[in-house]
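Taking it in order: structure first as structure tokens, then the write-up.
2 protein chains.
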Amino acid sequence: MAQLRIALAQTNPVVGDIAGNAETLVEWTRRAAGRGAHLVVFPEMFLTGYPAEDLVLRSSFAEASIATLSEVAARLADEGLGDLPVVVGYLDRADLAPRVGQPKGAPLDAAAVLHRGRVVAKSAKHHLPNYGVFDEYRYFVRGDRLPIFRLHGVDVAVALCEDLWQEGGPVSVVAEAGAGLLVVPNGSPYETNKDDVRLELCARRAREAGCALAYVNMVGGQDELVFDGDSLVVDASGALVARASQFREELFVTDLELPEAAVELGEPSHDSYDAHDGTVITVERVLLSADPVEPYEPEPPVVAERLDDLAEVYHALVTGVRDYVRKNGFKSVILGLSGGIDSALTATIAADAIGPERVHTVLMPSRYSSDHSITDAEELVRRQGVNAQVVPIADIVSAFEKEIALTGLAAENLQARVRGMLLMSLSNEHGHLVLTTGNKSELATGYSTLYGDSAGGYAPIKDVLKSVVWKLAEWRNAQPGVPPIPENSITKEPSAELRPDQRDTDSLPQYEVLDSLLRDYVERDMGRDELIAAGHDPELVTKVIRMVDLAEYKRRQYPPGPKITPKNFGRDRRLPITNRWRERL
Amino acid sequence: MAQLRIALAQTNPVVGDIAGNAETLVEWTRRAAGRGAHLVVFPEMFLTGYPAEDLVLRSSFAEASIATLSEVAARLADEGLGDLPVVVGYLDRADLAPRVGQPKGAPLDAAAVLHRGRVVAKSAKHHLPNYGVFDEYRYFVRGDRLPIFRLHGVDVAVALCEDLWQEGGPVSVVAEAGAGLLVVPNGSPYETNKDDVRLELCARRAREAGCALAYVNMVGGQDELVFDGDSLVVDASGALVARASQFREELFVTDLELPEAAVELGEPSHDSYDAHDGTVITVERVLLSADPVEPYEPEPPVVAERLDDLAEVYHALVTGVRDYVRKNGFKSVILGLSGGIDSALTATIAADAIGPERVHTVLMPSRYSSDHSITDAEELVRRQGVNAQVVPIADIVSAFEKEIALTGLAAENLQARVRGMLLMSLSNEHGHLVLTTGNKSELATGYSTLYGDSAGGYAPIKDVLKSVVWKLAEWRNAQPGVPPIPENSITKEPSAELRPDQRDTDSLPQYEVLDSLLRDYVERDMGRDELIAAGHDPELVTKVIRMVDLAEYKRRQYPPGPKITPKNFGRDRRLPITNRWRERL
Numbered sequence: 001m002a003q004l005r006i007a008l009a010q011t012n013p014v015v016g017d018i019a020g021n022a023e024t025l026v027e028w029t030r031r032a033a034g035r036g037a038h039l040v041v042f043p044e045m046f047l048t049g050y051p052a053e054d055l056v057l058r059s060s061f062a063e064a065s066i067a068t069l070s071e072v073a074a075r076l077a078d079e080g081l082g083d084l085p086v087v088v089g090y091l092d093r094a095d096l097a098p099r100v101g102q103p104k105g106a107p108l109d110a111a112a113v114l115h116r117g118r119v120v121a122k123s124a125k126h127h128l129p130n131y132g133v134f135d136e137y138r139y140f141v142r143g144d145r146l147p148i149f150r151l152h153g154v155d156v157a158v159a160l161c162e163d164l165w166q167e168g169g170p171v172s173v174v175a176e177a178g179a180g181l182l183v184v185p186n187g188s189p190y191e192t193n194k195d196d197v198r199l200e201l202c203a204r205r206a207r208e209a210g211c212a213l214a215y216v217n218m219v220g221g222q223d224e225l226v227f228d229g230d231s232l233v234v235d236a237s238g239a240l241v242a243r244a245s246q247f248r249e250e251l252f253v254t255d256l257e258l259p260e261a262a263v264e265l266g267e268p269s270h271d272s273y274d275a276h277d278g279t280v281i282t283v284e285r286v287l288l289s290a291d292p293v294e295p296y297e298p299e300p301p302v303v304a305e306r307l308d309d310l311a312e313v314y315h316a317l318v319t320g321v322r323d324y325v326r327k328n329g330f331k332s333v334i335l336g337l338s339g340g341i342d343s344a345l346t347a348t349i350a351a352d353a354i355g356p357e358r359v360h361t362v363l364m365p366s367r368y369s370s371d372h373s374i375t376d377a378e379e380l381v382r383r384q385g386v387n388a389q390v391v392p393i394a395d396i397v398s399a400f401e402k403e404i405a406l407t408g409l410a411a412e413n414l415q416a417r418v419r420g421m422l423l424m425s426l427s428n429e430h431g432h433l434v435l436t437t438g439n440k441s442e443l444a445t446g447y448s449t450l451y452g453d454s455a456g457g458y459a460p461i462k463d464v465l466k467s468v469v470w471k472l473a474e475w476r477n478a479q480p481g482v483p484p485i486p487e488n489s490i491t492k493e494p495s496a497e498l499r500p501d502q503r504d505t506d507s508l509p510q511y512e513v514l515d516s517l518l519r520d521y522v523e524r525d526m527g528r529d530e531l532i533a534a535g536h537d538p539e540l541v542t543k544v545i546r547m548v549d550l551a552e553y554k555r556r557q558y559p560p561g562p563k564i565t566p567k568n569f570g571r572d573r574r575l576p577i578t579n580r581w582r583e584r585l
Numbered sequence: 001m002a003q004l005r006i007a008l009a010q011t012n013p014v015v016g017d018i019a020g021n022a023e024t025l026v027e028w029t030r031r032a033a034g035r036g037a038h039l040v041v042f043p044e045m046f047l048t049g050y051p052a053e054d055l056v057l058r059s060s061f062a063e064a065s066i067a068t069l070s071e072v073a074a075r076l077a078d079e080g081l082g083d084l085p086v087v088v089g090y091l092d093r094a095d096l097a098p099r100v101g102q103p104k105g106a107p108l109d110a111a112a113v114l115h116r117g118r119v120v121a122k123s124a125k126h127h128l129p130n131y132g133v134f135d136e137y138r139y140f141v142r143g144d145r146l147p148i149f150r151l152h153g154v155d156v157a158v159a160l161c162e163d164l165w166q167e168g169g170p171v172s173v174v175a176e177a178g179a180g181l182l183v184v185p186n187g188s189p190y191e192t193n194k195d196d197v198r199l200e201l202c203a204r205r206a207r208e209a210g211c212a213l214a215y216v217n218m219v220g221g222q223d224e225l226v227f228d229g230d231s232l233v234v235d236a237s238g239a240l241v242a243r244a245s246q247f248r249e250e251l252f253v254t255d256l257e258l259p260e261a262a263v264e265l266g267e268p269s270h271d272s273y274d275a276h277d278g279t280v281i282t283v284e285r286v287l288l289s290a291d292p293v294e295p296y297e298p299e300p301p302v303v304a305e306r307l308d309d310l311a312e313v314y315h316a317l318v319t320g321v322r323d324y325v326r327k328n329g330f331k332s333v334i335l336g337l338s339g340g341i342d343s344a345l346t347a348t349i350a351a352d353a354i355g356p357e358r359v360h361t362v363l364m365p366s367r368y369s370s371d372h373s374i375t376d377a378e379e380l381v382r383r384q385g386v387n388a389q390v391v392p393i394a395d396i397v398s399a400f401e402k403e404i405a406l407t408g409l410a411a412e413n414l415q416a417r418v419r420g421m422l423l424m425s426l427s428n429e430h431g432h433l434v435l436t437t438g439n440k441s442e443l444a445t446g447y448s449t450l451y452g453d454s455a456g457g458y459a460p461i462k463d464v465l466k467s468v469v470w471k472l473a474e475w476r477n478a479q480p481g482v483p484p485i486p487e488n489s490i491t492k493e494p495s496a497e498l499r500p501d502q503r504d505t506d507s508l509p510q511y512e513v514l515d516s517l518l519r520d521y522v523e524r525d526m527g528r529d530e531l532i533a534a535g536h537d538p539e540l541v542t543k544v545i546r547m548v549d550l551a552e553y554k555r556r557q558y559p560p561g562p563k564i565t566p567k568n569f570g571r572d573r574r575l576p577i578t579n580r581w582r583e584r585l
């Protein structure tokens, strides 16, 4: 057996900031060297950030990625770090003649091994995900190489993210070609309960490959996606060895005992293998160092404590806000505070993400606002120390009503729009990012005003069902310190307060019942018959399907927010607008 | 040789309206029988409408399509139309075990042949487009069958849309298997100048297949897409025989002399062919009728007159508005009329699309509005007979300014937002669809207010560069009848009138110069070096790249409109929002 100390760089790259990400690579490699690591592994597409969407189709972007990879390899050597091999994801290009249907420039979701100033091996993702949030057939062509580099006597293979999730391909080739360790850079977005699936998957693939597996994931928010870290190492039997923290940047170091390579290295160094998925993969063997390291005392492996399910969701939301603000170059956020639970939770998430001093709230009472709407909001301001101002909307609404006659829903929407406009105006004047406060239950059923409460740049809780909003508020209040959310905001009956004595239940079913149905209809795409077979009340199914389908039109115009479940709105649920399909009701 | 009279059903299906589309199929088949046709061909995915986006992943939708196909076959026979074979596109499913990465339910972009009450042959699109507006790897699995049915002694093969655009696949198999006619149902969206490309393509594929080719395209608007019809027939040498009109529903009938089939039909009726693209295609032969029809006097072939380039664009815009209004169930539209060219052209397009009596305009003068902004708008109202009302915004703006202090851009945006809110309020009150009036040059450079002039359900000219806006206005005024657009709206210098003496050229370059640069940067994805090499001024390149990149964030929130060029905003230009990539400036 041979020893290796591996460092998994659970980092937070910025999409498009190739120079900044390269800087991070050098800095973290220096830290890994300081920790005595023999190998450092960065996430998928680390150099460009991920997902880079249509940027990967732009020539100048691909060229910058490729050039920077070589430059950073040379720089590592210049700075005395050349002997520490680095595995890093980047954007490359396949050497293919252009053809119809192939993405422009034949981009590759690639990984490289950097050593002694040079790029010594390259590969690219073989399996391309093209479901849910992923569009990778649009962006990439398939990789067909598996690098295996010998490091201190251990053969180390490199595969990428989706290569674990599908059958055949690099993992099955590792099983035949033999390796002591499989390292896997990932860009794997958070979804509720995905961590359990991920561990089971890594364990299964390690057994299949017949070697230990080191999984490194990125961390941080990127537009609608949140990456949760959760990097981990399993041994060849699939047993968990070490596991990094969730939602936090971390240089995660683990000592491993690994089998010495048995294969004789010689010419030719390339071999073709059946990948058991109808394709052929070429193994490319590279020798970095043949002899095992001198025996040393290993550090005990770390298994970070897991967050419980509500804590995970809360951290995902905070991470989403923090990185959307930072990566877009905002200094502060602004939001309307109604005294209700949705805006209270959103303000709390924002304060936890960027500090209360950078959170600006606006209380915008109307002629229909209850007294507690102001007092509950003021109580939250007092507890959290966020900035607050009061802007009454009655006179502005009157000015509109003097010019045009409005009734019913149009009059209700006007109030929501005046508030949205006030927030956007203050945002334009002072540079704050506008946060919207709508939850998933409201948005799914269309209980929201276009250009009103839905106006803003980021929607922190847009993928959180209302019943989960309450649970998160209670969870957050149960954490150490002053409970940030006034109890009255949690316990009072929800109301939009757009007309006298309005209650959410005037238009919507009880949220527990509604949310269970929305999970099945929106997230699981069940049809009417399936929903009824799953035990939902037929009359309610009819009503809710009608509401959700009618709300589709608005949803296409809704701004991005974080994604924490397998399905959310907008990009994930691409239904045509001019669409006459209705479930048979 | 044998004669065949073929009818190409250049129709306008509604996405999701399976029952309505089936009704249209029966009605048009009856008309084709009345015209003495021997074969009628409907467009791609006709039964479901196209593109159906994520609807194809819903079980109940796929089941309804498959069931309706059988029902409509039976109904045709019941109504005495069973002897006339029908080729029609629909949504089917492949019989595949589910696997990761495969779309849910393994949907097929399928075509069927209906005859004597039964579905006698099925196939599905082999090449799936996954570029530009197409996401078909997300939605479909590949078809691998080529039906060849013998009709009155002529072998007729069926391929689908993209199968023409890529090398290998069904067309190359037709060349080997032999056929007298290749019929191709299409859903091919309009782009400027695409008609020329389409004819050349059909000619080339006919020569390659060694037989005549009948190309039937759908017509009409579907959200961001507009289908232009332009169905056509070429002979085996690639020469144009007949060509249908553009942007109009039409049952297009053509008589053809075709070679009699030479292949002996017998068991087995299936043969496997190398598709020359790494796959294998199975030919499925079906006998409908062996003997040629009695000789008859053919009708002379029709080649419809072509629209010139500006007329094409104008028809595409009118079609987009008309179908968005109709397919979404609106009765009327509303828009702001500023006296400027953009709103004047938009109003004219709307009036041409649905009639001036269903167009509602609102004149919303502010303290900065010039006199001619009102008089030019009133002149348009007078010429076209659209509905009009005047709603001054000064008092509403003052009411806002009494509550919050706004300066500069924030104060300018407020005016645009008050106007957007008035239109949305009137829309909510009276049920009109709000049309926005922004053009592509403005939107690309961010010269637009989020939730202000960009607020609305449909943006008729969002993909039209400003220099083309002027050309379209002049073109429309040159048509027979009263020139609908006041000359002063065309000739005056453009201004947003959001502050005293404002001119577009305060912030933007001259539009001719700007638009040429936008074509290369936005539509052709050129990088900075390429743009300069193409002859653009380096300083202007720097400035415009900066403007366009900064406007990305807004664009993701912009509502849909028609698509008339290879690239537009939003869905086509998917750049991450939190993106730090900038062209090196």
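Respectively, the protein sequence lines represent chains S and X.
Using the UniProt record's numbering, the first residue of the first sequence is number 1, and each one after it goes up by one.
Using the UniProt record's numbering, the first residue of the second sequence is number 1, and each one after it goes up by one.
Where is the CB? At the ideal position from N, CA and C, for every residue including glycine.
All values reported here derive from a predicted model rather than from experimental measurement.
Separation of residue j from residue i, as counted between CA atoms
i, j, result
"isoleucine 66 of chain S", "proline 107 of chain X", "38 angstroms"
"proline 560 of chain X", "glutamate 442 of chain X", "Model confidence at proline 560 of chain X stands at a pLDDT of 43, short of 50, so the residue's coordinates are unreliable; what they give is reported in the following sentence. Rounded to whole angstroms, proline 560 of chain X to glutamate 442 of chain X spans 16 angstroms at the Cα level."
"glutamine 557 of chain S", "proline 460 of chain X", "Low per-residue confidence applies at glutamine 557 of chain S: pLDDT is 43, beneath 50, and the placement is therefore not dependable enough to give any value."
"valine 391 of chain X", "valine 418 of chain X", "11 angstroms"
"phenylalanine 149 of chain X", "aspartate 83 of chain X", "14 angstroms"
"alanine 473 of chain X", "isoleucine 490 of chain X", "7 angstroms"
"glycine 570 of chain S", "leucine 4 of chain X", "Model confidence at glycine 570 of chain S stands at a pLDDT of 47, short of 50, so the residue's coordinates are unreliable; what they give is reported in the following sentence. Cα to Cα, glycine 570 of chain S sits roughly 48 angstroms from leucine 4 of chain X."
"leucine 514 of chain X", "alanine 496 of chain X", "17 angstroms"
"aspartate 433 of chain X", "glycine 220 of chain X", "Correcting the residue identity first, residue 433 of chain X is leucine in this sequence and not aspartate. Their backbone Cα atoms lie some 19 angstroms apart in a straight line."
"glutamate 305 of chain S", "lysine 466 of chain S", "28 angstroms"
Beta strand (DSSP E) segment containing residue i, residue limits
i, result
"valine 302 of chain S", "From DSSP, valine 302 of chain S is part of no beta strand (DSSP E); its letter is neither H nor E."
"glutamine 10 of chain X", "2-10"
"leucine 182 of chain X", "181-186"
Residue i Cβ short of 6 angstroms to the ligand FAD heavy atom set
i, result
"leucine 181 of chain X", "With respect to the ligand FAD, the structure offers nothing, as it holds no ligand at all."
CB contact flag (residue i, residue j, <7 angstroms)
i, j, result
"valine 522 of chain S", "isoleucine 532 of chain S", "no"
"proline 85 of chain X", "proline 185 of chain X", "no"
"alanine 179 of chain X", "glycine 117 of chain X", "no"
"alanine 416 of chain X", "glycine 452 of chain X", "yes"
"asparagine 130 of chain X", "tyrosine 137 of chain X", "yes"
"threonine 29 of chain X", "valine 40 of chain X", "yes"
Delimiting residues of the alpha helix (DSSP H) encompassing residue i
i, result
"proline 107 of chain X", "Looking at the DSSP string, proline 107 of chain X is not in any alpha helix (DSSP H); the run it does join, the beta strand (DSSP E), is 107-115."
From the options, residue whose alpha carbon lies closest to that of residue i
i, options, result
"arginine 207 of chain S", "S/Asp196, S/Val171, S/Gly229", "S/Val171"
"proline 494 of chain X", "X/Gly438, X/Leu39, X/Ala455", "X/Gly438"
"valine 241 of chain S", "S/Arg248, S/Glu27, S/Leu335, S/Pro300", "S/Pro300"
"leucine 265 of chain S", "S/Leu426, S/Glu191, S/Met424, S/Val286", "S/Val286"
ask   = If you measure beta-carbon to beta-carbon, which residues of the region 197-222 of chain S are closer than 7 angstroms to chain X?
value = Gln222
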